[in-house]
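Working notes, structure below.
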Amino acid sequence: MKWLVTCFLVFSMLAAQASADSGEALYSVIFSQEVMALGPDGTPYPSTTINPEQIAGMQHYLFDLGRGRQLVIETNISNAQERGLFGVADAVKRCYQYVEAASGGTLKKGVLLYLIEFDELPLSYAFEAAYPAEANWSEVRLALVRTGEPLIGPGAPLELTDLLYDTLPHELGHDILGELPALRHDIDGRPSYYTRWFIDGICELLAKGFARQESPQLLQRLLAMRNIGSVMERERIREQVFVWEQHNTHAMDVESDLYGAAMLLLTVWTERVPLDRLIGQIREQILPLDGAALRAMMEAVVGCDAEQVCQRADRAGKQLTRENVLTSRLEQSPRWGG
Ligand SMILES: [Zn+2]
6 MKWLVTCFLV FSMLAAQASA DSGEALYSVI FSQEVMALGP DGTPYPSTTI
56 NPEQIAGMQH YLFDLGRGRQ LVIETNISNA QERGLFGVAD AVKRCYQYVE
106 AASGGTLKKG VLLYLIEFDE LPLSYAFEAA YPAEANWSEV RLALVRTGEP
156 LIGPGAPLEL TDLLYDTLPH ELGHDILGEL PALRHDIDGR PSYYTRWFID
206 GICELLAKGF ARQESPQLLQ RLLAMRNIGS VMERERIREQ VFVWEQHNTH
256 AMDVESDLYG AAMLLLTVWT ERVPLDRLIG QIREQILPLD GAALRAMMEA
306 VVGCDAEQVC QRADRAGKQL TRENVLTSRL EQSPRWGG
């Protein structure tokens, strides 16, 4: 019997203040990740608390990402190197190189990754780890691995694969865009600037670009998850994409499709101006850029109105789907070991 399991994933990074014995305040950041899975009757599965400080045999690995940035992996996997730990570190290094080359930006901070192994993966869990604020992490992430599973390649768990090849380049894209002074980002509790289609469109472009470099087979799955071949046919999506806010009441499928639509708009735009040049142009802007200003920029560069850009984006999505199906059939992926 196949159970219908609905998962809710909540991340947060909070600045916390703890008092030390000396009376001085120690500032630390608490990273938490919570996954709640609902059974078929809507009842949540009991949650497992994952606290790395209470897990036996935790090991600490440090990798140099260049330019003073580090990748730290904290794991309870005793034979992590045999299972491909260095391959994970190499993938993160290539991800940094790809995001910087494609965007023309510079990443300043590193990555802290928790890889926690279980014989049986918990469906619902709450994870919390604290680290000093000066640690300066760009990303802090957790991936759960089943005992004995490889960490890299086609046999690795989907959660870890998607983290390395999709989530990480996407989030590093946010770091690059966060450095552009004129670009407005939505802030909790304030009215939206409606820049999300542009920001998440670029981040998705970087994520899928990295996945393409690493494995056409993987890219095919990721593009299919975003319904890239048909998303722009949906009137609701075309209406919503330019008024897409950080906080909204969209169902999960609509939200996922909006990422796909945003990526396709940026695909059309970057066919005219390469991504690194586009980001360079945004970097030079002095006046604040909201969604409407970005939309006007896009229309001027592409040479048609937003509705027509959406039509081109639809064609680009269909083309991308056809090309990628072909490439993933023909090509082996040396890095992926396919
Ligand atoms: Zn994003």
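Residue numbers (this note's numbering): 6 to 343.
Just so it is clear, CB atoms sit at the ideal spot from N, CA and C, and this is done for glycine as well.
For residue i, the three-state DSSP class (helix, strand or coil)
i	result
Ile-284	helix
Asp-95	helix
Pro-49	strand
Ser-108	helix
Gln-38	strand
Leu-292	coil
Thr-54	strand
Asn-329	helix
The beta strand (DSSP E) enclosing residue i, as first and last residue numbers
i	result
Arg-74	74-80
Gly-71	64-71
Terminal residues of the alpha helix (DSSP H) in which residue i lies
i	result
Thr-4	The structure shown has nothing for residue 4, since the chain only spans 6 to 343.
Ile-242	240-245
Arg-226	221-230
Close Cβ partners of residue i (< 7 angstroms) along its chain, the five nearest in sequence each way excluded
i	result
Leu-67	Gln-75, Val-77
Thr-394	Since the first residue shown for the chain is 6 and the last is 343, residue 394 is missing from the structure and cannot be characterised.
Asn-329	Pro-221, Leu-224, Gln-225, Leu-228
Beta-carbon contacts of residue i that lie in its chain and below 8 angstroms, excluding the five residues immediately before and after
i	result
Pro-49	Met-41, Ala-42, Leu-43, Ser-129
Gly-62	Asn-81, Ser-83
Gly-92	Leu-156, Ile-157, Gly-158
Arg-231	Glu-209, Ser-261, Asp-262, Tyr-264, Gly-265, Met-268
Check: residue i C-beta below 8 angstroms from any heavy atom of ligand 2
i	result
Thr-152	Within the structure as shown, ligand 2 is missing, the only ligands being ligand 1.
Own chain residues within Cβ distance below 6 angstroms of residue i, not counting five before or after
i	result
Glu-154	Pro-162
**Asked** Along the chain, which unbroken stretches of the alpha helix (DSSP H) at least 4 residues long are found entirely within the stretch 116-162?
**Response** none
**Item:** Runs of alpha helix (DSSP H) lying entirely within the stretch 162-215, each at least 4 residues, in chain order
**Value:** 163-167, 173-183
**Asked** In chain order, what are the residues with a CB under 5 angstroms from some non-hydrogen atom of ligand 1?
**Response** Asp-205, Cys-208
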